[in-house]
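In order, the protein sequences belong to chains A and B. Under full-length UniProt numbering, the residue at position 100 of the first sequence is numbered 100, and the numbers go up by one with no gaps. Under full-length UniProt numbering, the residue at position 70 of the second sequence is numbered 70, and the numbers go up by one with no gaps. Ideal placement from N, C-alpha and C gives every residue a C-beta, glycine not left out.
Number of protein chains: 2
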Amino acid sequence: MFSKACEYGIRASIFIATNSSKGIRVGIKDVAKEIDSPEPFTAKIMQILTKNGIIHSAKGVGGGFEVSDEAVKSIKLIQIVDAIDGDKIYKGCGIGLKECSEDHPCPVHHEFKKIRGLLLEMLTKTTLEQLASGVKSGDFFLKTLNIND
Amino acid sequence: MFSKACEYGIRASIFIATNSSKGIRVGIKDVAKEIDSPEPFTAKIMQILTKNGIIHSAKGVGGGFEVSDEAVKSIKLIQIVDAIDGDKIYKGCGIGLKECSEDHPCPVHHEFKKIRGLLLEMLTKTTLEQLASGVKSGDFFLKTLNIND
DNA sequence: TTAATTAAAGATAAATTTGTCTTTTATTAA
DNA sequence: TTAATAAAAGACAAATTTATCTTTAATTAA
Chain A
1 MFSKACEYGI RASIFIATNS SKGIRVGIKD VAKEIDSPEP FTAKIMQILT
51 KNGIIHSAKG VGGGFEVSDE AVKSIKLIQI VDAIDGDKIY KGCGIGLKEC
101 SEDHPCPVHH EFKKIRGLLL EMLTKTTLEQ LASGVKSGDF FLKTLNIND
Chain B
1 MFSKACEYGI RASIFIATNS SKGIRVGIKD VAKEIDSPEP FTAKIMQILT
51 KNGIIHSAKG VGGGFEVSDE AVKSIKLIQI VDAIDGDKIY KGCGIGLKEC
101 SEDHPCPVHH EFKKIRGLLL EMLTKTTLEQ LASGVKSGDF FLKTLNIND
């Protein structure tokens, strides 16, 4: 569905958001450790997210990544996905036709329309805040329980 | 969503089905040309499909690929997807957690459940026959109109 | 039985994605 | 101003996916 880069990006954004609400900036090491991802690769993804204004970074002592309270409320999942994977997942043809539309539909066009629509709706409606609050309350998790998994 | 291999596999299966209903076997060249895919790569995918009993192949003069009338009716999209891409698309966690379940959900688990459910339902219900008949009637297409796209 | 045909199988190669490492730049605090 | 810290940037490497090419095996027809 999403690329690994995007999966890491979503998990990282949520983790950063859970800390920013407590006024804590987190470094790349904390992020990678908490979401169980390769640190240098995760750093690259953070650069994409900061360039796209999704998270904010600060260099130097006491620096790290954060998301403002307002941003946490306004940022939608689709912004993260779009920044990392682009819009193919909710716009492209299900079986890869370059030209696929109502006028020139592929064989699965109508079936996929519903699924893509639901996906787009979910991505558009879900805020970073919703996801972060679930993690803070302990209802949702960002990595596996067992370290050996 | 699906890998390119899977996209080609679905398109190829549909094309073969449209011809088998007319009693025509098609060669790998015809397949690649008709679905606008790289021939040798498509040949590899055909091997996966034949090994999984989704299509039948015949070597030698007059040989090629075909699907029996009964198979066209019984084969579901999910069998093709499963043979080529596995079950990750409709079983795996949306943001890549190895362990993600009702008891240990990731932040997007509940949102994804609906989408994956709809996808699984669609893949499980859609038969090769449905897709092939739409192509035969001219309602659906397997490649772009414009050769330069 | 031989030649032609066609898919299968195996070896390579290119492209993309994922992952790593090193150097540079910016910031803070002493 | 200097040292320490932490992200940014760039080069590189491994793994995976996509694509190609060559050889082999099976089948048919002459």
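Residue burial classification, residue i (beta-carbon count within 10 angstroms, cutoff 16)
i: A/Gly68; result: The residue you asked about is not Gly; residue 68 of chain A is Ser in the sequence shown. By the neighbour-count rule (16 or more Cβ atoms within 10 Å), A/Ser68 is not buried but exposed.
i: B/Leu145; result: exposed
i: A/Glu39; result: exposed
i: A/Lys143; result: buried
i: B/Asn148; result: Any reading at B/Asn148 is ruled out, since the residue's pLDDT is 47, under 50, leaving its predicted position unreliable.
i: B/Ser137; result: exposed
i: A/Gly71; result: According to the sequence provided, residue 71 of chain A is Ala. The question's Gly does not apply to it. Result: buried.
i: B/Ile24; result: exposed
i: B/Gly60; result: exposed
i: B/Gly63; result: exposed
Test item: CB-CB of residue i and residue j under 7 Å
i: A/Ile48; j: A/Leu128; result: no
i: A/Ala12; j: A/Ile28; result: no
i: B/Ile78; j: B/Leu118; result: no
i: B/Thr18; j: B/Val31; result: no
i: B/Asp82; j: B/Phe2; result: no
i: residue 162 of chain A; j: A/Ile10; result: Here chain A comprises residues numbered 1 to 149, so residue 162 of chain A is not present and cannot be evaluated.
i: B/Glu7; j: A/Gly96; result: yes
i: A/Glu66; j: A/Ser21; result: no
i: A/Ile80; j: A/Ile54; result: yes
i: B/Phe141; j: A/His104; result: yes
Exercise. Can you list, in chain order, the residues of the stretch 128-142 of chain A whose Cβ is nearer than 9 Å to any Cβ on chain B?
Worked result: Flagged, chain order: Gln130, Leu131, Ala132, Gly134, Val135, Asp139, Phe140, Phe141, Leu142.
Exercise. Between the stretch 93-104 of chain A and the stretch 50-58 of chain A, do at least 3 Cβ pairs fall closer than 8 Å?
Worked result: No, the stretch 93-104 of chain A does not touch the stretch 50-58 of chain A.
Problem set entry | Cβ-based contacts, 7 Å cut-off: residues of the stretch 79-97 of chain A near chain B | Listed in sequence order: Ile89, Gly94, Ile95, Gly96, Leu97.
Exercise. If you pair each beta-carbon of the stretch 104-113 of chain B with each one of the stretch 131-148 of chain A, do three or more pairs fall below 8 Å?
Worked result: Three or more beta-carbon pairs drawn from the stretch 104-113 of chain B and the stretch 131-148 of chain A are found closer than 8 Å, and the two stretches are therefore classed as touching.
Problem set entry | Contained alpha helix (DSSP H) runs [length at least 4] in the stretch 18-49 of chain B, N- to C-terminal order | 28-35, all fully within the stretch 18-49 of chain B.
Exercise. Listed from N- to C-terminal order along the chain, which residues in the stretch 28-44 of chain A have their beta-carbon within a distance smaller than 7 Å of any beta-carbon of chain B?
Worked result: Here the close residues number zero.
Problem set entry | Runs of beta strand (DSSP E) lying entirely within the stretch 52-76 of chain B, each at least 3 residues, in chain order | Fully enclosed beta strand (DSSP E) runs of 3 or longer: 56-58, 64-66.
Problem set entry | alpha helix (DSSP H) runs contained entirely in the stretch 84-135 of chain B, provided each spans 4 or more residues | Entirely contained in the stretch 84-135 of chain B, the alpha helix (DSSP H) runs reaching 4 residues are, in chain order, 88-91, 109-125.
Problem set entry | Positions along the stretch 4-21 of chain A whose CB lies within less than 7 Å of some CB in chain B | Going along the stretch 4-21 of chain A in chain order, one finds Lys4, Glu7, Ile10, Arg11, Ile14 with a Cβ nearer than 7 Å to chain B.
Exercise. Which residues, in order along the stretch 111-127 of chain B, keep a beta-carbon less than 7 Å from a beta-carbon of chain A?
Worked result: Answer set for the stretch 111-127 of chain B: Glu111, Lys114, Ile115, Leu118, Leu119, Met122, Thr126.
Exercise. Using Cβ-Cβ distances below 8 Å, what residues of the stretch 49-62 of chain B are close to chain A?
Worked result: Cβ contacts with chain A: none found.
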